[in-house]
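A.B. asks: Can you read through this structure? Questions will come right after.
6 protein chains.
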Amino acid sequence: MFPYLKEAGKANFQDRYVTKANELLISWDGKHCSSIGLIGAPLSKSSISHSGAAFAPQAIRQALSFYSTYSIESGIDLADVTVTDYGDIVMHPTDIAASQRRIAETIEQVVALQPKSMWIVLGGDHSITCPVVSGWQKQKGTIGIIQFDAHHDLRNLEDGGPTNGTPFRRLIEAGIVDGSRLVQIGLRDFANSRAYTEYGKQCGVTMYTIEEVYRLGIQTIIEKSMQMLSGVDAVYVSVDMDVLDQAFAPGCPAIGPGGMDSRTLLHAISLLARYDKVQAMDIVEIDPTIDFRQMTSRIAASVILQFLKGKKERV
Amino acid sequence: MFPYLKEAGKANFQDRYVTKANELLISWDGKHCSSIGLIGAPLSKSSISHSGAAFAPQAIRQALSFYSTYSIESGIDLADVTVTDYGDIVMHPTDIAASQRRIAETIEQVVALQPKSMWIVLGGDHSITCPVVSGWQKQKGTIGIIQFDAHHDLRNLEDGGPTNGTPFRRLIEAGIVDGSRLVQIGLRDFANSRAYTEYGKQCGVTMYTIEEVYRLGIQTIIEKSMQMLSGVDAVYVSVDMDVLDQAFAPGCPAIGPGGMDSRTLLHAISLLARYDKVQAMDIVEIDPTIDFRQMTSRIAASVILQFLKGKKERV
Amino acid sequence: MFPYLKEAGKANFQDRYVTKANELLISWDGKHCSSIGLIGAPLSKSSISHSGAAFAPQAIRQALSFYSTYSIESGIDLADVTVTDYGDIVMHPTDIAASQRRIAETIEQVVALQPKSMWIVLGGDHSITCPVVSGWQKQKGTIGIIQFDAHHDLRNLEDGGPTNGTPFRRLIEAGIVDGSRLVQIGLRDFANSRAYTEYGKQCGVTMYTIEEVYRLGIQTIIEKSMQMLSGVDAVYVSVDMDVLDQAFAPGCPAIGPGGMDSRTLLHAISLLARYDKVQAMDIVEIDPTIDFRQMTSRIAASVILQFLKGKKERV
Amino acid sequence: MFPYLKEAGKANFQDRYVTKANELLISWDGKHCSSIGLIGAPLSKSSISHSGAAFAPQAIRQALSFYSTYSIESGIDLADVTVTDYGDIVMHPTDIAASQRRIAETIEQVVALQPKSMWIVLGGDHSITCPVVSGWQKQKGTIGIIQFDAHHDLRNLEDGGPTNGTPFRRLIEAGIVDGSRLVQIGLRDFANSRAYTEYGKQCGVTMYTIEEVYRLGIQTIIEKSMQMLSGVDAVYVSVDMDVLDQAFAPGCPAIGPGGMDSRTLLHAISLLARYDKVQAMDIVEIDPTIDFRQMTSRIAASVILQFLKGKKERV
Amino acid sequence: MFPYLKEAGKANFQDRYVTKANELLISWDGKHCSSIGLIGAPLSKSSISHSGAAFAPQAIRQALSFYSTYSIESGIDLADVTVTDYGDIVMHPTDIAASQRRIAETIEQVVALQPKSMWIVLGGDHSITCPVVSGWQKQKGTIGIIQFDAHHDLRNLEDGGPTNGTPFRRLIEAGIVDGSRLVQIGLRDFANSRAYTEYGKQCGVTMYTIEEVYRLGIQTIIEKSMQMLSGVDAVYVSVDMDVLDQAFAPGCPAIGPGGMDSRTLLHAISLLARYDKVQAMDIVEIDPTIDFRQMTSRIAASVILQFLKGKKERV
Amino acid sequence: MFPYLKEAGKANFQDRYVTKANELLISWDGKHCSSIGLIGAPLSKSSISHSGAAFAPQAIRQALSFYSTYSIESGIDLADVTVTDYGDIVMHPTDIAASQRRIAETIEQVVALQPKSMWIVLGGDHSITCPVVSGWQKQKGTIGIIQFDAHHDLRNLEDGGPTNGTPFRRLIEAGIVDGSRLVQIGLRDFANSRAYTEYGKQCGVTMYTIEEVYRLGIQTIIEKSMQMLSGVDAVYVSVDMDVLDQAFAPGCPAIGPGGMDSRTLLHAISLLARYDKVQAMDIVEIDPTIDFRQMTSRIAASVILQFLKGKKERV
Ligand SMILES: [Ca+2]
Ligand SMILES: [Ca+2]
Ligand SMILES: [Ca+2]
Ligand SMILES: [Ca+2]
Ligand SMILES: [Ca+2]
Ligand SMILES: [Ca+2]
Ligand SMILES: [Ca+2]
Ligand SMILES: [Ca+2]
Ligand SMILES: [Ca+2]
Ligand SMILES: [Ca+2]
Ligand SMILES: [Ca+2]
Ligand SMILES: [Ca+2]
């Protein structure tokens, strides 16, 4: 009726020959689900240090609008992919434990509804990985986890409860994942304590430090990790953005030097996504309120796209 | 189905006893219109100096979410008011004149559809006032304009075309408004040139400097202005946010000291809105990309709410 | 031994004729207490919106170093005043209710130890006022509260638990303060909902809007308020910095236009402090992570100094 | 030759009917001098706290380009005024005392060359006022000083040498100005120490606190001050921008609440400039590196224009 | 006359043994031209997304002052090089097409005046490359272009006119450059659409993705590219700074991860400049208003210096 | 007594199994000294360009709190290391030469007190290296210096006195270090002048450019350098953070592209620290006031930890 009116919030410019990556996200209508689901878990009050990671799901969705759907490196176009966006889980303002229960229950419910779907969960801080995996694992049998992180996240629970320093400790202690089926990639000097490295080793956790990443090459590490997890039914990938060097990911609460560069991480994700067993991924620890020009959320959007590309290369 | 899921982008927390001001905006469904329409004109490439005022419509809409609908000063609750949000007019990326034509045409069309509605237009820079008033006036007969501004905006058109320095010159020269029916409030020292003050006076423009605002009081000025415009069919209010002192409105391109404080402006708007003849308002010259914590957009949201309150007090 | 070495963190420059205001703070040594105690309650995970108010106690202490101890307006020098700094209450990383219990218990303990002392509590968000007053009131009998705030903070507890929107509701419902002994100063348009204004009125809360502050004058309001509270045993002053206009206090989470200017607030505090019954004060809702040059914490430091000055004028 | 080429650094847009205020500045060509001279003294290594005030001369000159030459309040156009811009005094990188000597010598030389000129000196921090006045006074006989400042700047010299806390102490002790001919306007609570207030009083310094400014009115204070200085040969005005409230002048190193608003300061300057005896002015303590959108430099530019306007009103 | 005065805007400190790189720029005096010309094309209203790239020419010139003229790697000193700075082309405030015509005409005129000169053009956004090359090519015969860019810039013109997404499409369609003589280096995943990759391939465009850059090495790619262009009369190098990873060039509108590092780009430019056929270069898509500490303009200055160094190595 | 109170400024959260790196620092009590001393030299008024490097000692100490004491790469835990923190040297506000003398005297005194200790000195700008080495060398005999820097810092002293551009010139000219025992690593194109490169070569300075660092590998360069210095009694390492690329160290005054990455620097430090002869290190040229999220101070903290780790590997 009015040729020049568009709904508030829609992009001003549209090129008829370009599909933007954010157009792949279709809000869940309560009925139809695609084979890939996306869901936000905006919890960061659980963080040990001040964090606005609760704003990341929205920042990452928005960052997708900076991208197209076409991978010139591989020739793959994602324009025909549909990602069902289930929205965000509502957090409780003052009961962090309740928020974590809501995450576990909601993930369990959506996965039960769509057990064959792939899942992308946007944190939030790393504490969400415990309830997310708890809910997701119920449909999956034996699982393995590949964690990109500068830190073990194996802290004791007595000193602060279920913080972002504890998710893998909780998953191991709850028997949801066996320590021998957890692979940690990108661990860094002076970012962990000896006690937790030793605890992890006792549990059988596989650990690759950042120096090993550069010595062995990320492709070798991915191959060895997936080989080691060949016995599991499904693999979950957990991407703590602080695995990256602070020059590449300035928007994580726990930034530091000497980390991974973003090309290596993106390559790792595209390699992992080619495996059928890799069926879920989370991206955590991005705080858009302290980022520079949403750089770190832009990398998260790239991680999602490399994941989708890898899934398509697999076929 | 999933008790804790909400659509992406919706507020996390909801208090059952609070209506937020942004809930008053109902996206136009192509059919139903309320008695108040809101529309965005995100044009700022027409600015003489670099401006991101094109981002203001979205910033102002979002700022409404920081407010409730209840005026404790007056006892009025706007919770039953509906504002039809027609969205934003799509701008042409490289043809500024075409963008201005789109504004004029679209406003003409929506006003023709709803000639009895009140209109709130969100700029954009001040250049939009020319096409907006051009389109709006077609249904209105003789009109008057009350302009809050540190500047005349009566520049010649030869030196730069239809910039944000020219809207009232263009309206006068096009015969859409007579100079004698234009009131400028808040004009400031060293913000204008003698040539344009003289041009305005020759056209019969009524001028109140900022010192006169503080000497006479804003209420007197509003009353005198509306009295002077008593012969017109409809009055349009144009709010250039740089009428405010830079301490209050740090997010305008042309900030400076010695301007109006925000309480005075808000009071002026609530007074004006009580007049039936005041039937449209624009808010321009807010650049959210250079603002501090969206302060200036927050004032714009308050201006809208005071306008709606005034309209309700009128009844 | 080394004439030019100073402890890390100490100021580089010292003028022998100047006492800096931060030198008034003496860390509690476990034994000696002065007649004025200061304590930090760095809790902001309880906030409805994202808040770093937990960083305010440290920012305010540091802001004191920007000031001297001498009031040129009154001729009073605070150089002989000692404020015992009890430090900060340790918050629980993931259990907000536990953090609030710790605040209540700690305040109760220190007040029991020093029942005649005056107390200055640095938040944190406004949720801390409930446990602080709960603990403080136990030694005080019937109390009154004077609250500077743009908001009622009388929200229901069902929708979010003990957030920063609820402290006065909780205190009233717990019977710790009677609604008729609560005075709210600086309430603002579109910052509250009708339901809570009505709830407050039903409880007998005295309300002064910001327009009333400017119409009646702050001195009149303070006098009327203290007169109304003449029957209580002790008065608690709660300063939510968002009572100020955003131009003056840009570092509050819920900033907005049309608020109080800082001179008025400082004057109010110095007037209140002259009353013997005014025996405690908190300063809340400053988020140093979003402030501009710690402006808002600087005002908080001024509030403390005006409080101390008023106490000295009293004598 | 090339119709569309302009020199690098020149403004892109020019309106033929507007003279911009920066066009009043004519770089000194080594020969011709107008009746008003402007000179930069970019020294801030002398500051007690970290300061980038050395960048202010350039920031203030640039801020002039945001203004026109026309005062709509008075009807005065400065378009025919010429200000000779002598440039900046070159500071020594590591010898602060040498830098201060260079200031004194250069000012003495230019004033000797043009003893009838009016002078505007752009700091730098407040330490420059001592050498500037020392050099200027040599041609002037008995002088008076009107200082706008939150602080006395009468510190002892033993503790830190000739810092920005000492200029008026040094001028008094050197006998360049008598304490009884120094007026300080805008002094603030907790910004000074009792020892220096007493020292000033002993020297006969006239002091107006900020509360007195609001109680008596700035016009009264200016009149009384100039009356008191009626016996001197020339009056120097020293504008420390931190006399303003931090909301208005966020870019001063020593910002704080409870200060003057910018309209009052601008009014004061225009009143002072009307006196023939007022023959020089400095503007100091603006640090552009920590300002918000060069707000404080914009006020400085307004101060210059009000000074020029006042000088023209005088005639 | 005054030993310590320097012109406003000149550097405070000068080391007698250092030539700064900005001293190589000599403002064109209307007569003398050196063998290298520099010219600014400050147009960014043509950008699809908001851009302040119009500020880049000035920011890049200023960044040159951070550098000396001596290359320690090569032993080459540029101190005897002169670059004629023709200034900036004046843009039309509201007519983007006119601005682009001004660019084409001006470049054509200066190149006609100095057909043997080398040219460095500072954008502005990438839309300037079309008029710049159009004007430059008229004196050059058959030309080739080497484009560093994450994007093709081959968009259709119907959807937005001559934006920064279209320059190479326009040049190909106008027959100014043949697609087979265009080399694109640094193309990135999800930064382009399949339609434009295919369009480019149909036109014979040579494409090197960022992964190919790292697989083959930049030296090989430069050599192959120049070999492929061995039949042309002159080669134009177009440097879109967003070819760099966002960690290295945070100040481009379209930043993203996975891009080139700055050392590789600088090496590429020094290699290209050694070829006699490389006779012009532009640097585009730097927006100084969103950069961090002018990092991206600093790289642009380095690109210029490497270009000049390469030209000198050639001899 | 009060279970939940902690001293103001102490960390809120403590994990019983983690030692934080800042816990290694023990404030000097006037008596006990460990084998490693740390001392701050907060001088930056000596910088040629504006610098807040005086804030770095405190920022670096604070950055240590972001780290643990455990190196997962080497298996070494520093938890049993004690670093005596002697605090900061008090700078003179207006006498830069006096400040430099204080540095020399203080270092001489502490080193005389503890001649066997290792020393870590935190600048401040690079000018501090001259007095620091002067003081330190007195107990050491023949010394060598390994300097990480983009610049020679061999400027003449006539043009600006003892600035941050001169420390190694001064040390050579004073005979404290022989030019043949100075190694400069990371020198960069267009960051130096030919005159100073030649001066350095005449003095016998060993120079490694950044391209040589990447061509030869940092390990080779460290080995060759230490071999070359095999005849000295002690080696001093001076780390000017601007040796790093601006993407990695955005907080140095003289940032630029094409520099070292942080992993290479950290590796170099850990290699150097293994040598017994390496007995002191400074870290200079970090300006926390212009850094992004204290990134550059975080690298400095890592440099300290790699130094301590290397010292422990040595044993
Ligand atoms: Ca983690
Ligand atoms: Ca982590
Ligand atoms: Ca306007
Ligand atoms: Ca205006
Ligand atoms: Ca409150
Ligand atoms: Ca509030
Ligand atoms: Ca002063
Ligand atoms: Ca002052
Ligand atoms: Ca491009
Ligand atoms: Ca591009
Ligand atoms: Ca250096
Ligand atoms: Ca250096």
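Residue numbers (my numbering), protein chains in the order written: chain A, 1 to 315; chain B, 316 to 630; chain C, 631 to 945; chain D, 946 to 1260; chain E, 1261 to 1575; chain F, 1576 to 1890.
Glycine is no exception: its CB is placed at the ideal position from the N, C-alpha and C atoms.
For A641/C, which of helix, strand or coil comes out of DSSP?
C.D. replies: To locate residue 641/C, count along the third sequence from 1; it is residue 11. The answer is coil: DSSP assigns A641/C none of H, G, I, E or B.
A.B. asks: Name, going along the chain, the residues of the stretch 1264 to 1285 of chain E whose beta-carbon falls closer than 8 Å to a beta-carbon of chain F.
C.D. replies: Cβ contacts with chain F: F1273, Q1274, D1275, R1276, Y1277, V1278, T1279 and A1281.
A.B. asks: For the stretch 1220 to 1254 of chain D, list every residue whose C-beta sits within 9 Å of some C-beta in chain E, in sequence order.
C.D. replies: Residues: none.
A.B. asks: Rounded to whole angstroms, how far is the Cβ of H817/C from the Cβ of Y838/C, which I believe are closer than 8 Å?
C.D. replies: To locate residue 817/C, count along the third sequence from 1; it is residue 187. To locate residue 838/C, count along the third sequence from 1; it is residue 208. Position check: residue 817/C holds Leu in this sequence, whereas His was assumed. With a Cβ gap of about 7 Å, L817/C and Y838/C count as contacting.
A.B. asks: Just to make sure I have the definition right: I need the residues of chain D whose C-beta is within less than 8 Å of the C-beta of Q1318/E. Which are they?
C.D. replies: Looking up residue 1318/E in the fifth sequence gives position 58. Neighbours of Q1318/E on chain D, chain order: A953 and G954.
A.B. asks: With a CB to CB cut of under 6 Å and the five nearest residues on each side skipped, what residues in its chain are close to G886/C?
C.D. replies: As a first step, residue 886/C must be located in the third sequence, where it is residue number 256. Counting only Cβ-Cβ distances below 6 Å, and skipping sequence neighbours, we find Q876.
A.B. asks: Can you tell me whether DSSP reads D136/A as helix, strand or coil?
C.D. replies: Reading the first sequence from its first residue, position 136 is the one you call residue 136/A. First, the residue type needs correcting, since residue 136/A is Trp and not Asp in the sequence shown. Here W136/A sits in helix by DSSP.
A.B. asks: Give me whichever residues DSSP pairs with Y838/C in a beta bridge.
C.D. replies: Against the third sequence, residue 838/C aligns to sequence position 208. Bridge partners of Y838/C: I815/C.
A.B. asks: With respect to 7 Å, is the separation between the Cβ of H1625/F and the closest non-hydrogen atom of ligand 12 below this value?
C.D. replies: Sequence index remark: in the sixth sequence, residue 1625/F carries index 50 (1-based). False, no ligand heavy atom lies under 7 Å from that Cβ.
A.B. asks: Just mark L846/C as buried or exposed, buried being the case when its beta carbon has 16 or more other beta carbons within 10 Å.
C.D. replies: Position 216 of the third sequence holds residue 846/C. Looking at its Cβ environment, which holds fewer than 16 other Cβ atoms inside 10 Å, L846/C is exposed.
A.B. asks: So, does the CB of T1644/F fall closer than 8 Å to a CB anywhere in chain D?
C.D. replies: Start at 1 with the first residue of the sixth sequence, and residue 1644/F comes out as number 69. Chain D, which has no Cβ nearer than 8 Å to the Cβ of T1644/F, makes this no.
A.B. asks: From which residue to which residue does the alpha helix (DSSP H) around S297/A run?
C.D. replies: On the first sequence, residue 297/A is found 297 positions in, with the first residue counted as 1. Its alpha helix (DSSP H) spans residues M295 to R314.
A.B. asks: Please list the partners that P987/D has in chain E, where partner means a Cβ-to-Cβ separation under 9 Å.
C.D. replies: The residue you call residue 987/D lines up with position 42 of the fourth sequence. Neighbours of P987/D on chain E, chain order: N1272.
A.B. asks: Select from the stretch 1442 to 1464 of chain E all residues with a C-beta closer than 8 Å to any C-beta belonging to chain A, and list them in chain order.
C.D. replies: Listed by position, the residues of the stretch 1442 to 1464 of chain E near chain A (Cβ gap below 8 Å) are L1447, R1448, D1449, F1450, A1451, N1452, S1453, R1454, A1455, Y1456 and T1457.
A.B. asks: Could you give the DSSP three-state label for K6/A: helix, strand or coil?
C.D. replies: In the first sequence, the residue the question calls residue 6/A occupies position 6. Reduced to three states, the DSSP call for K6/A is strand.
A.B. asks: In terms of DSSP beta bridges, what is N507/B paired with?
C.D. replies: Walking along the second sequence from the start, residue 507/B turns up at place 192. Y1015/D.
A.B. asks: Can N1731/F be considered in contact with ligand 11, in the sense that its beta carbon sits closer than 7 Å to one or more heavy atoms?
C.D. replies: On the sixth sequence, residue 1731/F is found 156 positions in, with the first residue counted as 1. It does not: the Cβ of N1731/F is nowhere closer than 7 Å to a heavy atom of ligand 11.
A.B. asks: To the nearest angstrom, how far is the alpha carbon of E1458/E from that of L24/A?
C.D. replies: Your numbering for residue 1458/E matches position 198 in the fifth sequence. Your numbering for residue 24/A matches position 24 in the first sequence. In a straight line, the C-alpha of E1458/E is about 22 Å away from that of L24/A.
A.B. asks: Start and end of the alpha helix (DSSP H) containing I1166/D?
C.D. replies: Working through the fourth sequence from its first residue, we reach residue 1166/D at position 221. Element bounds for I1166/D: I1163 to M1173.
A.B. asks: DSSP three-state label for P778/C, please.
C.D. replies: Residue 778/C sits at position 148 when you count from the first residue of the third sequence. Reading off the sequence shown, one finds Phe at residue 778/C, where the question assumed Pro. F778/C falls in the strand class under three-state DSSP.
A.B. asks: Taking a contact to mean a Cβ-Cβ separation below 8 Å, would you say V1665/F touches I1682/F in this structure?
C.D. replies: Reading the sixth sequence from its first residue, position 90 is the one you call residue 1665/F. Reading the sixth sequence from its first residue, position 107 is the one you call residue 1682/F. No.
A.B. asks: Could you tell me if the beta carbon of N794/C falls within a distance shorter than 7 Å of some heavy atom in ligand 5?
C.D. replies: Position 164 of the third sequence, counted from the first residue, corresponds to residue 794/C. Correct: N794/C has its Cβ closer than 7 Å to ligand 5.
A.B. asks: Return yes when the C-beta of D287/A is under 7 Å from any heavy atom of ligand 1, and no when it is not.
C.D. replies: By 1-based counting over the first sequence, the position of residue 287/A is 287. Because no heavy atom of ligand 1 lies under 7 Å away, the Cβ of D287/A does not count as near it: no.
A.B. asks: P797/C CB to nearest chain B CB: under 8 Å?
C.D. replies: Your numbering for residue 797/C matches position 167 in the third sequence. Not closer than 8 Å to any Cβ of chain B, the Cβ of P797/C fails to qualify, so no.
A.B. asks: Grab me the residues of N1597/F's own chain with a C-beta within less than 6 Å of its C-beta, minus the 5 sequence neighbours each way, in chain order.
C.D. replies: Taking the sixth sequence and counting its residues from 1, one reaches residue 1597/F at position 22. Once the five neighbours on either side are set aside, the close Cβ partners of N1597/F are L1639 and S1640.
A.B. asks: In or out: D1134/D buried (at least 16 other Cβ within 10 Å) or exposed?
C.D. replies: In the fourth sequence, the residue the question calls residue 1134/D occupies position 189. It is buried - the Cβ of D1134/D has at least 16 other Cβ atoms within 10 Å.
A.B. asks: Under the assumption that P1198/D contacts S994/D (Cβ atoms under 8 Å), give the Cβ distance between them as a whole number of angstroms.
C.D. replies: Taking the first residue of the fourth sequence as 1, we reach residue 1198/D at position 253. Taking the first residue of the fourth sequence as 1, we reach residue 994/D at position 49. About 5 Å; that satisfies the 8 Å criterion.
A.B. asks: Would S1709/F pass as an interface residue toward chain D - the criterion being a Cβ-Cβ separation below 8 Å?
C.D. replies: Within the sixth sequence, the letter at position 134 stands for residue 1709/F. It does not: the Cβ of S1709/F has no partner Cβ on chain D nearer than 8 Å.
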